[in-house]
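Following numbering that gives the first Met the number 0 from start to finish, the sequence shown increments by one per residue and tops out at 495. In this text, a Cβ means the ideal position worked out from N, Cα and C, and glycines have one as well. Everything numeric in this text was worked out from a predicted model, so none of it was measured. Notes for the one structure printed next.
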Amino acid sequence: MSWGVYPVVRICAVLIQVQTVGSDAEDRLRLAQLLGTSSSEAFLLRSDVVSMRPGDRPTVRLLPVELSTVYNTTLPFSLNDGAMWAGRGWNQMLRLGVGLRWRHVTLVLAPALVSAENLAYPLPADSVQLPRPPGRSSYSTPWHVGAYSIDLPLRFGTRGFTGLDAGQSTLAADLGPVTMGVSSANAWWGPGIRNAIVLSNNAPGIWRAFVNVTGKRVSARWFLGGLFESPYFDSTSTDDARAMSALAITWAPRFAPNLTLGAARAVYAPLSAWSDIGKHAFDVARGNGARQRNQIFSLFGRWVFPADGFAVHAEWARSQLPRSVRELLISPNHTLGYTMGLEWARPLGAAGAAFRMQAEVTDLEKSPAYRNLPEETWYTGDAAPQGYTQRGQVIGAAIGPAASTQWLAWDYVAPRWRAGLFVGRIRWDDDALFLTPGAADEKRLLHDVSVFGGARAATQSPLGLIEATLTAGRRLNLFYEESTIGTTTLALRFTP
Numbered sequence: 000m001s002w003g004v005y006p007v008v009r010i011c012a013v014l015i016q017v018q019t020v021g022s023d024a025e026d027r028l029r030l031a032q033l034l035g036t037s038s039s040e041a042f043l044l045r046s047d048v049v050s051m052r053p054g055d056r057p058t059v060r061l062l063p064v065e066l067s068t069v070y071n072t073t074l075p076f077s078l079n080d081g082a083m084w085a086g087r088g089w090n091q092m093l094r095l096g097v098g099l100r101w102r103h104v105t106l107v108l109a110p111a112l113v114s115a116e117n118l119a120y121p122l123p124a125d126s127v128q129l130p131r132p133p134g135r136s137s138y139s140t141p142w143h144v145g146a147y148s149i150d151l152p153l154r155f156g157t158r159g160f161t162g163l164d165a166g167q168s169t170l171a172a173d174l175g176p177v178t179m180g181v182s183s184a185n186a187w188w189g190p191g192i193r194n195a196i197v198l199s200n201n202a203p204g205i206w207r208a209f210v211n212v213t214g215k216r217v218s219a220r221w222f223l224g225g226l227f228e229s230p231y232f233d234s235t236s237t238d239d240a241r242a243m244s245a246l247a248i249t250w251a252p253r254f255a256p257n258l259t260l261g262a263a264r265a266v267y268a269p270l271s272a273w274s275d276i277g278k279h280a281f282d283v284a285r286g287n288g289a290r291q292r293n294q295i296f297s298l299f300g301r302w303v304f305p306a307d308g309f310a311v312h313a314e315w316a317r318s319q320l321p322r323s324v325r326e327l328l329i330s331p332n333h334t335l336g337y338t339m340g341l342e343w344a345r346p347l348g349a350a351g352a353a354f355r356m357q358a359e360v361t362d363l364e365k366s367p368a369y370r371n372l373p374e375e376t377w378y379t380g381d382a383a384p385q386g387y388t389q390r391g392q393v394i395g396a397a398i399g400p401a402a403s404t405q406w407l408a409w410d411y412v413a414p415r416w417r418a419g420l421f422v423g424r425i426r427w428d429d430d431a432l433f434l435t436p437g438a439a440d441e442k443r444l445l446h447d448v449s450v451f452g453g454a455r456a457a458t459q460s461p462l463g464l465i466e467a468t469l470t471a472g473r474r475l476n477l478f479y480e481e482s483t484i485g486t487t488t489l490a491l492r493f494t495p
């Protein structure tokens with residue numbers, strides 16, 4: 000039935016099924032690929048999946064409410080938290096919304112309300128800081144202050160704050176294998192479990208126009224978006240805007256079942272005005288120019304062996320493309336960053352239960368090639384002084400610039416619950432250590448390192464899915480000064 004030429008809107012009280020980046024549903028899909036009960040194709044270019052069937056009448060359905068809480072006892076610890084920056088104290092993110100589907104058009108409005116208690120914690124002493132350029136905030140990084148800099152605040156002000164983010168909102172049209180539209184939703188490019196070098200959910204989502212092509216063997220993602228400066232970078236208003244053009248392609252070769260290979264590139268450049276953003280649509284296909292643009296390029300792959308319950312993955316990335324074949328052959332590790340990981344799972348006696356082990360290492364520290372060829376710190380920028388960030392958080396790997404990490408986890412996964420243990424280590428921004436005042440020999444034992452371990456669990460209760468992660472660790476040589484600080488993080492997430 001319709002009124003005149005307008006279709007009747009059907010409103011359903013049933014919640015939409017949503018699979019978000021980093022969710023329990025996505026983690027179980029990854030396990031199913033190991034066990035051979037789900038295909039691994041097209042898994043390396045991930046974004047939110049909203050299950051709404053097309054129809055002749057507009058259908059409006061509610062999205063599940065998602066409440067995330069992170070409590071840090073002594074220091075901030077925020078990895079892959081999207082729009083939320085988890086400082087010291089209590090931090091919350093509440094996401095809710097609606098979805099509308101009509102024929103080939105989908106509209107998802109899923110804003111996020113974020114808040115942070117933002118309690119005080121020790122900041123770097125004056126003796127380890129470099130002079131900041133005029134106009135820089137006192138909370139901006141005191142180390143990456145030269146030609147290559149980054150918008151990565153030490154702290155987001157002195158008080159608690161609350162804000163509204165566009166969250167996982169999208170307007171898209173499905174045209175067979177092609178989907179196009181605009182979105183602010185997070186996405187994840189690459190095979191990494193904990194870190195994605197080019198694009199992750201570590202920062203607030205990027206408002207962008209996009210075109211997605213999804214095929215059985217080949218898939219591609221392209222977008223043009225805008226990046227925003229945090230309030231704690233500088234007082235200059237004329238350089239706040241940046242454009243970002245990005246492209247990723249994956250290929251699942253017929254001759255190697257369950258192997259997926261991919262490549263991605265992101266280019267970011269300053270904008271004098273938002274009206275100029277269209278000129279940067281195809282920056283991803285251009286060179287860097289003479290200090291006009293900065294870029295990140297990666298090759299990645301994942302190979303799953305379901306018969307053995309085993310998978311390996313890797314990502315090889317560079318922040319500068321080689322200028323010649325000779326340079327590539329002489330210094331293949333110039334500006335190199337990488338991730339390597341493996342997974343192993345084995346079904347257990349209980350119906351649908353499995354034991355799983357995961358391991359991953361990521362390294363973005365400066366390579367030995369810097370002795371012969373200058374290298375900038377990962378995610379910093381000379382063309383765009385804010386670097387590869389969105390509102391003060393790194394868009395790529397959660398560990399941030401010039402860092403490295405090792406991580407190992409064991410989980411028991413049942414159909415309605417899971418529980419596991421993990422250990423890890425992060426060496427933070429090692430380039431900054433050697434930028435601090437003082438002789439290099441005096442610094443070799445002052446690397447800023449976190450060592451941690453913890454437990455994680457989830458259960459499907461009558462009220463909804465409840466997830467919990469408890470992490471306890473020590474921060475050694477915080478901000479490159481001799482010290483040891485114990486810290487604990489409790490993360491909770493509830494989804495009806």
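Inset, instruction - Give me the Cα-Cα distance between residue 1 and residue 174, rounded to the nearest whole angstrom. - result: Residue mapping note: residue 1 aligns to position 2 of the sequence shown, counting from 1. Residue mapping note: residue 174 aligns to position 175 of the sequence shown, counting from 1. The predicted position of residue 1 is uncertain, since its pLDDT is 39 and thus under 50; no value can be drawn from it.
Inset, instruction - May I have the straight-line CA-CA distance separating residue 402 from residue 446, to the nearest angstrom? - result: Working through the sequence shown from its first residue, we reach residue 402 at position 403. Working through the sequence shown from its first residue, we reach residue 446 at position 447. Within the model, the alpha-carbon separation for residue 402 versus residue 446 is close to 11 Å.
Legend entry - Residue nearest to residue 79 in terms of C-alpha spacing, selected from 399, 451, 416, 420: Locating residue 79 in the sequence shown gives position 80, counting from the first residue. For the options 399, 451, 416, 420, the alpha carbon positioned closest to that of residue 79 is the one of 399.
Legend entry - Cutoff 6 Å; reference residue 496; Cβ partners in own chain excluding five residues on either side: Here the chain covers residues 0 to 495 and nothing more, so residue 496 does not appear.
Inset, instruction - Please name the residue in 469, 389, 89, 316 whose C-alpha comes closest to that of residue 361. - result: For the purposes of this step, residue 361 is taken as residue 362 along the sequence shown, with counting starting at 1. Selected option, being the one with the closest Cα: 316.
Inset, instruction - Using beta-carbon positions only, say whether residue 269 and residue 233 come within less than 8 Å of one another. - result: As a first step, residue 269 must be located in the sequence shown, where it is residue number 270. As a first step, residue 233 must be located in the sequence shown, where it is residue number 234. In this structure, residue 269 lies away from residue 233, with their beta-carbon atoms at least 8 Å apart.
Inset, instruction - Would you kindly work out how many angstroms separate the C-alpha atoms of residue 357 and residue 479, rounded to a whole number? - result: Position 358 of the sequence shown holds residue 357. Position 480 of the sequence shown holds residue 479. Cα to Cα, the separation comes out at about 31 Å.
Legend entry - Under 8 Å between C-beta atoms of residue 344 and residue 353: Here residue 344 is taken as the residue at index 345 of the sequence shown, counted from 1. Here residue 353 is taken as the residue at index 354 of the sequence shown, counted from 1. Yes. Within cutoff.
Inset, instruction - Measure the C-alpha to C-alpha separation of residue 100 and residue 338 and round it to an integer number of angstroms. - result: Stepping through the sequence shown from its first residue, residue 100 is reached at position 101. Stepping through the sequence shown from its first residue, residue 338 is reached at position 339. Looking at the backbone, the Cα of residue 100 and that of residue 338 are separated by about 38 Å.
Inset, instruction - Within its chain, find whatever has a CB closer than 6 Å to the CB of residue 89; leave out the 5 residues flanking it on each side and keep chain order. - result: Against the sequence shown, residue 89 aligns to sequence position 90. The residues are 70, 116.
Inset, instruction - Look at the alpha carbon of residue 441 and the alpha carbon of residue 118, and state the distance between them as a whole number of angstroms. - result: Counted from its first residue, the sequence shown places residue 441 at position 442. Counted from its first residue, the sequence shown places residue 118 at position 119. Residue 441 and residue 118 have their C-alpha atoms spaced approximately 32 Å apart.
Legend entry - Assigned exposure category for residue 314 - 16 Cβ within 10 Å defines buried: Position 315 of the sequence shown holds residue 314. Answer is buried; the Cβ neighbour count reaches 16.
Inset, instruction - Answer yes or no: do residue 463 and residue 495 have a C-beta to C-beta separation smaller than 8 Å? - result: Taking the sequence shown and counting its residues from 1, the one referred to as residue 463 is at position 464. Taking the sequence shown and counting its residues from 1, the one referred to as residue 495 is at position 496. A contact, by the Cβ cut-off of 8 Å.
Legend entry - Cβ shell of residue 305 (< 6 Å), same chain only, five flanking positions each side left out: The residue labelled residue 305 in the question sits at position 306 within the sequence shown. Taking residue 305 as the centre and dropping the five residues before and after it, the same chain places the C-beta of 35 closer than 6 Å to its C-beta, in chain order.
Legend entry - Extent of the continuous beta strand (DSSP E) to which residue 311 belongs: Here residue 311 refers to the residue found at position 312 when the sequence shown is read from its first residue. Taken as a continuous stretch (DSSP letters only), the beta strand (DSSP E) holding residue 311 covers 309 to 317.
Legend entry - Straight-line gap, residue 114 to residue 219 (C-alpha atoms, nearest Å): As a first step, residue 114 must be located in the sequence shown, where it is residue number 115. As a first step, residue 219 must be located in the sequence shown, where it is residue number 220. Going from the Cα of residue 114 to the Cα of residue 219 covers about 35 Å.
Inset, instruction - Could you tell me how far apart the beta carbons of residue 198 and residue 280 are, in whole angstroms, since I believe they sit closer than 8 Å? - result: Here residue 198 refers to the residue found at position 199 of the sequence shown. Here residue 280 refers to the residue found at position 281 of the sequence shown. Beta-carbon to beta-carbon, residue 198 and residue 280 are separated by about 17 Å, too far to satisfy the 8 Å threshold.
Inset, instruction - Within 10 angstroms of the Cβ of residue 103, are there 16 or more other Cβ atoms? Answer buried if so, exposed if not. - result: What you label residue 103 is simply residue 104 of the sequence shown in a count that begins at 1. Exposed is the call here.
Inset, instruction - Determine the direct distance from the alpha carbon of residue 469 to that of residue 85, and round the result to whole angstroms. - result: For the purposes of this step, residue 85 is taken as the residue at position 86 of the sequence shown. For the purposes of this step, residue 469 is taken as the residue at position 470 of the sequence shown. Straight-line Cα distance between these residues: approximately 14 Å.
Legend entry - Simplified DSSP state of residue 127, which is helix, strand or coil: Your numbering for residue 127 matches position 128 in the sequence shown. Residue 127 falls in the helix class under three-state DSSP.
Inset, instruction - Use the C-beta contact count for residue 273: other C-beta atoms within 10 angstroms, 16 or more gives buried, fewer gives exposed. - result: The count along the sequence shown starts at 1 and reaches residue 273 at position 274. Label assigned to residue 273: exposed.
Inset, instruction - Output the distance between the C-alpha atoms of residue 12 and residue 64, rounded to the nearest integer angstrom. - result: Stepping through the sequence shown from its first residue, residue 12 is reached at position 13. Stepping through the sequence shown from its first residue, residue 64 is reached at position 65. Because residue 12 carries a pLDDT of 46, less than 50, the predicted location of this residue cannot be relied on, and the following value inherits that uncertainty. About 13 Å.
Inset, instruction - Could you tell me which residues DSSP puts in a beta bridge with residue 478? - result: Residue mapping note: residue 478 aligns to position 479 of the sequence shown, counting from 1. For residue 478, which the question treats as bridged, DSSP gives no partner whatsoever.
Inset, instruction - Enumerate in chain order the residues of its own chain whose CB-to-CB distance from residue 404 is below 6 Å, with the five nearest sequence positions on each side excluded. - result: Along the sequence shown, one-based indexing puts residue 404 at 405. So the list reads 361, 398, 425, once near-sequence residues are dropped.
Legend entry - Environment of residue 325 [buried if 16+ CB atoms lie within 10 Å]: Within the sequence shown, residue 325 is the residue found at index 326, counting from 1. Exposed is the call here.
Inset, instruction - Spell out a yes or no on whether the segment 295 to 309 and the segment 245 to 263 are touching, meaning 3 or more CB-CB pairs, one atom from each, closer than 8 Å. - result: Yes, since at least three Cβ pairs between the segment 295 to 309 and the segment 245 to 263 fall closer than 8 Å, the two stretches touch.
Legend entry - Simplified DSSP state of residue 441, which is helix, strand or coil: On the sequence shown, position 442 is the one that residue 441 refers to. DSSP places residue 441 in helix when its eight states are reduced to three.
Legend entry - Per-residue burial, residue 177 [other beta carbons within 10 Å of its own, 16 or more giving buried]: Within the sequence shown, numbered from 1, the residue matching residue 177 stands at position 178. Result: exposed.
Legend entry - Other residues of its chain near residue 185: CB distance less than 6 Å, five sequence neighbours each side excluded: In the sequence shown, the residue the question calls residue 185 occupies position 186. Take residue 185, set aside five residues on each side of it, and the residues of its chain with a beta-carbon closer than 6 Å to its own are 20, 81, 200, 204, in chain order.
Inset, instruction - For residue 147, I'd like the list of residues in its chain whose CB is within less than 7 Å of its CB, leaving aside the five on either flank, ordered along the chain. - result: Residue 147 sits at position 148 when you count from the first residue of the sequence shown. Residues of the same chain with a CB within less than 7 Å of the CB of residue 147, apart from the 5 flanking positions on each side, are 375, 376, 379, 380, 381 in chain order.
Legend entry - Where residue 70 sits in the DSSP three-state scheme: As a working mapping, residue 70 is identified with position 71 in the sequence shown. When secondary structure is reduced to three states using DSSP, residue 70 falls in the strand class.
Inset, instruction - Specify the secondary structure class of residue 2 as computed by DSSP and reduced to three states. - result: Counting from one through the sequence shown, the residue named residue 2 turns up at place 3. Annotation note: pLDDT 42 at residue 2 (below 50); position unreliable, coordinate value reported separately. Three-state DSSP puts residue 2 in a strand.
Inset, instruction - Could you tell me whether any Cβ in chain D is nearer than 8 Å to the Cβ of residue 265? - result: Here there is only one protein chain, and chain D is not present.
Legend entry - Under the three-state DSSP convention, the category residue 490 falls into: Mapped onto the sequence shown, residue 490 falls at position 491. Reduced to three states, the DSSP call for residue 490 is strand.
Inset, instruction - From the DSSP output, read off the bridge partner residues of residue 367. - result: Reading the sequence shown from its first residue, position 368 is the one you call residue 367. Per DSSP, none; premise fails for residue 367.
Inset, instruction - Report buried or exposed for residue 133, applying the criterion of at least 16 other Cβ atoms within 10 angstroms of its Cβ. - result: Taking the sequence shown and counting its residues from 1, one reaches residue 133 at position 134. The residue is exposed, with fewer than 16 neighbouring Cβ atoms inside 10 Å.
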